[in-house]
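Residue numbers (full-length UniProt numbering): 1 to 211. Glycine residues also receive a C-beta, built at the ideal position from the N, C-alpha and C atoms. All remarks here apply to the structure that follows.
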Amino acid sequence: MHDTSFISGKYFAELYGGNQKIVLDIGGKAIGGGSLRKCFEDLNMKYVCVDMEAHPTVDIVVKPTEKLPFEDESIDLIISSSCFEHDPCFWMTFKDLCRVIKKDGYIYMSAPSNGPYHKYPGDNWRFYGDAGQALAYWSGIQVSNGEVHPVKVEETFFILPKSDVWTDFVCVWKRVDEKETDIVLPDKLKFKNGILKNKLTNEGYQCACMK
Numbered sequence: 001m002h003d004t005s006f007i008s009g010k011y012f013a014e015l016y017g018g019n020q021k022i023v024l025d026i027g028g029k030a031i032g033g034g035s036l037r038k039c040f041e042d043l044n045m046k047y048v049c050v051d052m053e054a055h056p057t058v059d060i061v062v063k064p065t066e067k068l069p070f071e072d073e074s075i076d077l078i079i080s081s082s083c084f085e086h087d088p089c090f091w092m093t094f095k096d097l098c099r100v101i102k103k104d105g106y107i108y109m110s111a112p113s114n115g116p117y118h119k120y121p122g123d124n125w126r127f128y129g130d131a132g133q134a135l136a137y138w139s140g141i142q143v144s145n146g147e148v149h150p151v152k153v154e155e156t157f158f159i160l161p162k163s164d165v166w167t168d169f170v171c172v173w174k175r176v177d178e179k180e181t182d183i184v185l186p187d188k189l190k191f192k193n194g195i196l197k198n199k200l201t202n203e204g205y206q207c208a209c210m211k
């Protein structure tokens, strides 16, 4: 996990977390020793790591498109750092994240919008400014006879590279009742200075709005 991905996840834990909350880390296998587990456990949260590959740092193995082994609305926070670019069906994964997150809970994602090919086990996608809004819209679409579990974008922005090559796409969604109707990120969100973006900026990280 590169520097800006780690620090953004750490600040998310501090700002959106809380005592005894259950945190699900999607694609959280520690690569090169990098993991957000301690950031959440030090704040007295229960951390569960899910990944598509077995590893000593992984608690539960779930293959792409498999349903997560959790009840509806049972998880307080969901995080995913530098994972969705490797998920062959990230939109299906996201749909299931919306199912298991509690009402008013938050989903956090950090993924590259640029950078070289890096396979774990593959490298499939990059994420641009409207990606978070598109996924929010997708969360409200009914597939077959399945229920919908809508989310809305709480804040979204880019983190510019600091000591590595990656420009991080970051998005935080909140579980809500109303379906999203906009497919493109509106200006009020495009230029919003949310609590995570403000924290990063105040700590000397360069954040850019979604242009």
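Item checked: Under 8 Å between C-beta atoms of Leu-24 and Ile-75 -> Yes, Cβ-Cβ distance for Leu-24 and Ile-75 is below 8 Å.
Check: Roughly how far, in whole angstroms, is the beta-carbon of Gly-17 from the beta-carbon of Phe-40, given that I think they are within contact range, below 8 Å?
Finding: Right, their Cβ atoms sit about 6 Å apart.
Next item on the list: Taking only the alpha-carbon atoms, compute the straight-line gap between Thr-4 and Lys-152 and give it to the nearest angstrom.
Entry: For Thr-4 and Lys-152, the gap between their C-alpha atoms comes out near 24 Å.
Checklist line | Three-state class that DSSP yields for Asp-3 in the structure shown | finding: Three-state DSSP puts Asp-3 in a helix.
Checklist line | At least three beta-carbon pairs within less than 8 Å, the segment 102-110 to the segment 76-92 | finding: The segment 102-110, when compared against the segment 76-92, does touch it at the 8 Å Cβ threshold.
Check: What residue does the alpha helix (DSSP H) around Ile-132 start on, and which one ends it?
Finding: Note that residue 132 is Gly in the sequence shown, not Ile. From DSSP, the alpha helix (DSSP H) with Gly-132 extends over 131-139.
Next item on the list: Would you mind reading off the limits of the alpha helix (DSSP H) that contains Ile-195?
Entry: Per DSSP, Ile-195 belongs to the alpha helix (DSSP H) from 195-202.
Check: Taking C-beta to C-beta, are Lys-192 and Glu-155 nearer than 8 Å?
Finding: Yes, Cβ-Cβ distance for Lys-192 and Glu-155 is below 8 Å.
Notebook entry, point to check: Is the CB-CB distance between Pro-64 and Cys-98 below 8 Å?
Noted result: Result no, Cβ atoms of Pro-64 and Cys-98 do not sit closer than 8 Å.
Next item on the list: Could you tell me whether the segment 139-153 touches the segment 119-128, using the rule of 3 or more Cβ pairs below 8 Å?
Entry: Counting C-beta pairs closer than 8 Å gives fewer than three between the segment 139-153 and the segment 119-128, which falls short of the contact rule.
Check: What whole-angstrom Cβ distance do Leu-185 and Tyr-11 have, given they're in contact under 8 Å?
Finding: In fact, because the Cβ distance is near 22 Å, the residues do not count as touching under 8 Å.
Next item on the list: Establish whether the CB of Gly-115 and some CB of chain C are separated by less than 8 Å.
Entry: The structure shown contains no chain C, having only a single protein chain.
Check: Is the beta carbon of His-2 sitting closer than 8 Å to the one on Trp-125?
Finding: Cβ distance not < 8 Å, so His-2 and Trp-125 don't count as in contact.
Note to self: Which same chain residues end up closer than 7 Å to Cys-209 when comparing Cβ atoms and leaving out the 5 residues on each side of it in sequence?
What the structure shows: Within the same chain, Phe-157, Lys-190, Phe-191 come within 7 Å of Cys-209 by CB-CB distance, once the 5 residues on both sides are set aside.
Margin query: Within a Cβ cutoff of 7 Å, which residues of the same chain sit near Tyr-47, ignoring the five residues on either side of it in sequence?
Written below: Annotation for Tyr-47: Val-23, Asp-25, Arg-37, Phe-40, Glu-41 place their beta carbon closer than 7 Å to its own, counting only its chain and skipping 5 residues before and after.
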